[in-house]
Every structure is written in C-alpha cells, then in structure tokens.
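Asker: Let me give you the structure first, and then I'll get to my questions.
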Amino acid sequence: MKPAPFQYHRARDVDGAARLLAELGDDAKVIAGGQSLVAMMNYRLARPRHLVDIGGLRELDRMHRDAAGGLHIGALTTHHTVETDPAGVLRAGFEVLKKAMTWIGHLPIRTRGTVGGSMTHGDATAEWCLLAVVLDAEFVARGPQGERTIPAGDFFHGYYTTALDPDEILVEIVFPRPAPHAALTEFAERRGDFALVAAAVDLDVAEGEVRGGRVALGGVAAAAVRVPEAEAVLTGGGSFEACASAAAEAVEPPADASGSTHYRKELVRTLVRRACEEAVSR
Amino acid sequence: MNTDPVATHADLQLVTLDVNGEQHDVITEPRRTLVDVLRHELRLTGTHVGCEHGICGACTVLVDERPVRACLMFAAQAEGTCIRTVESLSEDGGGELNDLQRAFTEHHALQCGFCTPGFLMLAEGFLAERPEATKEEIREVVASNLCRCTGYQTIVEAIDACATARRGACAQRCESKEH
Chain Y
1 MKPAPFQYHR ARDVDGAARL LAELGDDAKV IAGGQSLVAM MNYRLARPRH
51 LVDIGGLREL DRMHRDAAGG LHIGALTTHH TVETDPAGVL RAGFEVLKKA
101 MTWIGHLPIR TRGTVGGSMT HGDATAEWCL LAVVLDAEFV ARGPQGERTI
151 PAGDFFHGYY TTALDPDEIL VEIVFPRPAP HAALTEFAER RGDFALVAAA
201 VDLDVAEGEV RGGRVALGGV AAAAVRVPEA EAVLTGGGSF EACASAAAEA
251 VEPPADASGS THYRKELVRT LVRRACEEAV SR
Chain R
283 MNTDPVATHA DLQLVTLDVN GEQHDVITEP RRTLVDVLRH ELRLTGTHVG
333 CEHGICGACT VLVDERPVRA CLMFAAQAEG TCIRTVESLS EDGGGELNDL
383 QRAFTEHHAL QCGFCTPGFL MLAEGFLAER PEATKEEIRE VVASNLCRCT
433 GYQTIVEAID ACATARRGAC AQRCESKEH
C-alpha cells in the first residue's frame with residue numbers, strides 16, 4: 001500500500017531535530033534508514049503526521065575506539081558499514097558485531113538500515129538489541145534538556161518501546177569493553193527473516209578456562225533479556241550443555257504460528273550451546 | 283472535496299534527484315516512495331514494484347552504488363545521492379545490453395521477467411563491491427530477492443558467469459599492461 005500523508009522535515013543538526021520533535025509532539029517520528037518505519041507506514045501500521053529525517057547528519061555516521069578499548073558507534077552507522085568495517089575499528093575485541101550483521105535482513109536492507117534505528121525500533125528479535133543487552137551497551141540520547149546516558153538494562157521496555165523520550169534522539173551507542181569471546185546465533189524460517197529465537201553470549205575466558213559470562217536471548221519475551229540462571233551455571237564452572245539447559249528452563253517464550261513454547265525452548269537450548277561453543281573457539 | 287489538510291498543495295515539495303547521471307526536479311507529495319517517483323514522475327518503468335514492504339526486492343536500485351529497496355525509501359530521502367536504475371545498464375539507455383544482462387539471457391536467468399530488474403541491480407551493486415565473490419556468496423545475496431519462476435539456480439549461474447568473465451577481462455588488461 002501507500003503511506004498516509006505526512007509533512008517531511010529535514011534535520012540540519014541533532015539539537016534542531018530535538019527542538020522540532022518537542023514542537024511537533026506525538027504526531028512526529030524520526031526517520032533514519034527507514035527500513036522498519038517505511039514498511040510500517042506503507043502498511044499504515046504507523047501514520048505519523050510529521051517525519052523528521054535525520055539521515056543527513058553525517059556526524060552520527062562514525063565508529064571509533066576510546067582509550068579504554070571501548071567502541072563508540074554513531075547512531076546512523078549502517079549495518080553494512082559495521083559488516084565491512086572499512087576502518088578496521090572492530091579488530092581486537094568486536095569481531096562479534098561484524099559477524100552478527102550477516103543475520104540482519106539482506107544486503108539491500110543492511111545498506112540503508114542503521115544501528116540506532118534498529119535499537120530505537122526495539123524489536124524483541126533484533127540482533128542489535130540482543131548485542132546491546134549481552135555486551136552491556138550504553139545509549140547516549142540528546143534532547144532539549146541535554147544529553148544523558150542510558151544503560152542497556154534500562155533501555156528496552158518491551159514490544160517496540162524504549163526509554164527514549166519522544167523528543168530525544170539516540171546519538172551514540174557505546175560498547176564499553178572488548179568482547180573477544182562473544183558470539184550471536186539464531187534460527188529463522190528463511191535466511192534474512194526475523195529470528196524465531198536468537199541467542200548471544202559473552203564469555204570471560206582466562207588461561208583457556210571459562211570463568212563466567214553473560215547470556216542473552218531474543219524472541220522469548222517482549223524484549224531481549226539476560227538469563228541470570230544460565231550465567232550462574234557458567235560462573236559455577238558448569239558445562240555449556242548445562243548452561244543451555246538452564247536457559248531453556250528459565251524462559252517461557254510465547255507460542256504462535258511459527259512455533260510452540262516447547263519448540264522455542266528447545267531452540268534456546270540448541271542456540272545457547274552453539275553460541276557458547278562458537279564464542280570459546282574465538 | 284479533499285478535506286485532509288495534509289494532502290493540500292501547500293504540502294507538495296520540490297525534490298531534486300540525480301538519476302542515471304541526469305538531474306530531475308520533481309514536485310510531489312513527501313509520502314511518495316523513491317520507486318513511485320521513478321516510475322510515475324520520471325517514467326522510468328524498468329524498476330518494478332512488488333510487495334511495497336521490502337520483502338520481494340523487485341524495486342532494487344542503486345543509491346550511491348549500493349543496492350537498496352526503492353519502496354523502503356521516500357524520494358525526499360534520496361536527495362543528494364546518485365541513483366542508478368536498470369535503465370542505466372544498457373549502452374546509451376536502451377541500446378546494447380550490458381554483460382550482466384547478456385549473462386542473464388544466456389543462462390535463462392529469467393522467465394516472466396518481473397523480478398529481473400531487481401536482480402540485475404542487486405548483482406550490479408554486489409559485484410562492484412565484491413568482484414571476487416564466490417558462488418556461495420552470490421547464492422546468499424540473491425536470497426534477498428524473490429523469483430518464483432527460475433528456482434534461482436540459473437540466476438546464480440548468470441551472476442557467477444558475469445563475475446568470472448569480468449575477472450578474466452581484468453586480469454587480461456593487467457597482463458597486457460605488464461608486457
């Protein structure tokens with residue numbers, strides 16, 4: 001279908017965009033790559049009266065490492081830029097991000113879709129949301145009241161809902177520490193589809209031994225979730241098999257036409273084990 | 283009478299697009315997607331529209347040389363970029379088919395042809411970025427677009443043959459330079 005009419009505003013800078021959003025109120029939406037929003041507008045699931053296009057703000061399209069090894073990703077960085085990593089900033093610790101990109105849609109989606117757009121859309125199965133949760137990312141948002149930082153644990157509120165205020169713009173995502181032993185894997189009915197279940201782990205490995213780690217799941221709740229029960233198994237020196245079983249026990253995924261609760265729990269078991277094995281072999 | 287205030291002429295906007303190397307000024311509603319402007323305003327009907335929600339890939343065009351879904355982008359968002367459509371492939375726009383198009387013909391990579399412009403632009407963008415692409419990589423990339431006639435095998439073969447021929451031609455040029 002065709003989208004409902006709206007007024008188009010092109011932002012010249014972040015502060016101007018935030019002021020405009022505050023002025024326009026609830027009828028306005030931010031558009032970046034538009035790979036989720038335009039589809040929803042074409043379906044008329046979303047009918048904003050105003051679109052504020054931040055796509056031209058090149059200052060938000062960049063990636064760099066800080067002195068502590070942390071990674072800063074501008075909100076308008078595309079999945080494709082992360083996948084190809086032209087400046088090599090993902091080396092030594094963030095290869096997991098590069099590798100995870102191949103799970104996101106298809107090439108023509110990844111060339112337009114942005115990291116910030118995916119995060120703020122907040123799909124429960126989105127790879128970026130899962131990566132943010134498992135790697136303890138921090139979200140830098142700017143609004144008329146200034147800038148604030150929101151930890152990943154507080155950012156995702158549930159189905160397509162985040163902690164961002166309507167007049168705030170996500171400007172940067174910070175991954176504070178390198179994750180050399182992290183991996184993301186998922187299962188979808190077809191290549192490029194939304195995942196039925198996605199699993200990500202970030203293992204703490206010292207002298208070849210797993211000492212602990214973080215385990216997160218997508219597609220089992222209203223947002224990506226950490227699984228403390230599975231993490232406790234890793235801390236206690238349990239096997240990947242036991243960790244995967246604990247994860248499957250801990251969640252109660254919703255059933256739908258694509259799979260029952262039982263089926264999704266089995267997917268959790270398989271995918272957590274696979275993610276652990278992949279992560280430790282890095 | 284149209285009483286929707288947002289649909290009145292005051293909300294028409296001027297969009298300047300660079301398509302296949304030519305500048306076009308289009309006065310249109312902001313809600314027009316890039317594919318609709320290409321087809322309806324610019325009459326470049328080579329680009330097809332299928333699902334209008336980013337699933338089928340029939341509307342794939344190049345924006346700054348990268349393949350994108352033209353149904354998932356408003357024309358206004360494409361201002362300041364270089365757009366290439368399937369019309370840009372053949373020599374002088376409509377003359378000789380280019381090597382990729384000829385490979386599609388030779389390998390029977392199309393039947394009804396509806397999806398073909400999308401596959402051509404997808405392959406054009408992908409091979410420009412990865413001229414050394416393997417058959418496996420090509421297979422993965424074409425999963426992005428839907429074809430209900432060919433079963434994909436012939437499309438993969440056509441793109442692979444074109445890539446191989448281009449690599450061969452490139453190697454030959456390099457050799458002849460050395461001698």
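In order, the protein sequence lines correspond to chains Y and R. Just so we're aligned: 47 in my numbering is position 47 of the first sequence, and the numbers increase by one with no gaps anywhere. Count along the second sequence from 1, add 282, and you get the number used in my numbering. Note that CB positions come from ideal geometry on N, CA and C, so glycine has one too.
Give the DSSP-derived three-state secondary structure of P180/Y in the structure shown.
Answerer: In the structure shown, P180/Y adopts coil according to DSSP, grouped into three states.
Asker: Starting from Q7/Y, follow its DSSP beta bridges and name the residues at the other end.
Answerer: H50/Y
Asker: First and last residue of the beta strand (DSSP E) that includes F156/Y?
Answerer: 156-158
Asker: Using only CA atoms, which one of A137/Y, A221/Y, A222/Y, G238/Y lies nearest to E229/Y?
Answerer: G238/Y
Asker: By a C-beta neighbour count over all protein chains shown, 10 Å radius and 16 as the cutoff for buried, is N284/R buried or exposed?
Answerer: Model confidence at N284/R stands at a pLDDT of 43, short of 50, so the residue's coordinates are unreliable; what they give is reported in the following sentence. N284/R comes out exposed.
Asker: Who are the near neighbours of I158/Y in its chain, counting only those whose CB is closer than 7 Å to its CB and skipping five residues on each side?
Answerer: A small fix is needed here, since residue 158/Y is Gly in this sequence, not Ile. The answer, listed in chain order, is A222, A223.
Asker: Within the continuous alpha helix (DSSP H) that includes E189/Y, where are the two ends?
Answerer: Element bounds for E189/Y: n/a, residue is neither H nor E.
Asker: Are the beta-carbon atoms of P178/Y and G74/Y separated by less than 9 Å?
Answerer: no
Asker: Between T404/R and chain Y, is any beta-carbon pair separated by less than 9 Å?
Answerer: Reading off the sequence shown, one finds Leu at residue 404/R, where the question assumed Thr. By this cut-off, L404/R is an interface position.
Asker: Considering only residues of the same chain and omitting the five flanking positions on each side of K29/Y, which have a CB-CB separation below 8 Å?
Answerer: L37, A46, P48, H50, L51, V52
Asker: Going by beta carbon distance, what residues of the same chain come within less than 8 Å of V26/Y, once the five residues before and after it are set aside?
Answerer: The question names Val, but residue 26/Y in the sequence shown is Asp. Within the same chain, P166 come within 8 Å of D26/Y by CB-CB distance, once the 5 residues on both sides are set aside.
Asker: Would D15/Y pass as an interface residue toward chain R - the criterion being a Cβ-Cβ separation below 9 Å?
Answerer: no
Asker: Contact check, A216/Y vs V133/Y under 8 Å by CB: the rounded distance?
Answerer: 5 Å
Asker: Could you give the residue range of the beta strand (DSSP E) that holds P2/Y?
Answerer: Here residue 2/Y turns out to be Lys, not Pro, going by the sequence shown. Here K2/Y belongs to no beta strand (DSSP E), and DSSP marks it neither H nor E.
Asker: I need the straight-line Cα distance from Y434/R to A391/R, nearest angstrom please.
Answerer: Spanning the two alpha carbons is a distance of roughly 8 Å.
Asker: Give the residues of chain R in contact with F187/Y, contact being defined as C-beta atoms less than 9 Å apart.
Answerer: Those within 9 Å of F187/Y in chain R number zero; the least Cβ separation is about 16 Å.
Asker: DSSP on A289/R, reduced to helix/strand/coil?
Answerer: At A289/R the pLDDT is 43, less than 50, meaning the model places this residue with poor confidence; the figure from the coordinates comes in the next sentence. A289/R: helix per DSSP, three-state reduction.
Asker: A352/R to T342/R, Cα distance in whole Å?
Answerer: Distance between the alpha carbons of A352/R and T342/R: 6 Å.
Asker: So, G303/R versus S370/R, is the Cβ gap smaller than 9 Å?
Answerer: Pairing G303/R with S370/R gives a Cβ-Cβ distance under 9 Å.
Asker: Measuring only the C-alpha atoms, how far is L428/R from F396/R?
Answerer: It is roughly 10 Å from the alpha-carbon of L428/R to the alpha-carbon of F396/R.
Asker: Beta strand (DSSP E) containing D202/Y: first to last residue?
Answerer: 197-206
Asker: In this structure, how does DSSP classify M283/R when only helix, strand and coil are distinguished?
Answerer: Low local confidence applies: a pLDDT of 41 at M283/R is under 50, so the model's placement there is unreliable, with the coordinate-based value given in what follows. Reduced to three states, the DSSP call for M283/R is coil.
Asker: Cβ of V350/R less than 9 Å from any chain Y Cβ?
Answerer: yes
Asker: Tell me which residues share the same chain as S213/Y and place their Cβ nearer than 7 Å to its Cβ, disregarding the 5 neighbours each side in the sequence.
Answerer: A quick correction: the sequence has Gly, not Ser, at residue 213/Y. Once the five neighbours on either side are set aside, the close Cβ partners of G213/Y are V201, D202, L203, D204, E231, L234.
Asker: Measuring CA to CA, which of G122/Y, H181/Y, T185/Y, A183/Y is closest to D154/Y?
Answerer: Per the Cα distances, G122/Y.
Asker: Where DSSP assigns a beta bridge to G212/Y, which residues make up the other side?
Answerer: D204/Y
Asker: Roughly how many whole angstroms lie between the Cα atoms of A183/Y and A100/Y?
Answerer: 8 Å
Asker: Are the C-beta of G407/R and some C-beta of chain Y separated by less than 9 Å?
Answerer: yes
Asker: Report the three-state DSSP secondary structure of L76/Y (helix, strand or coil).
Answerer: Coil at L76/Y, not helix or strand.
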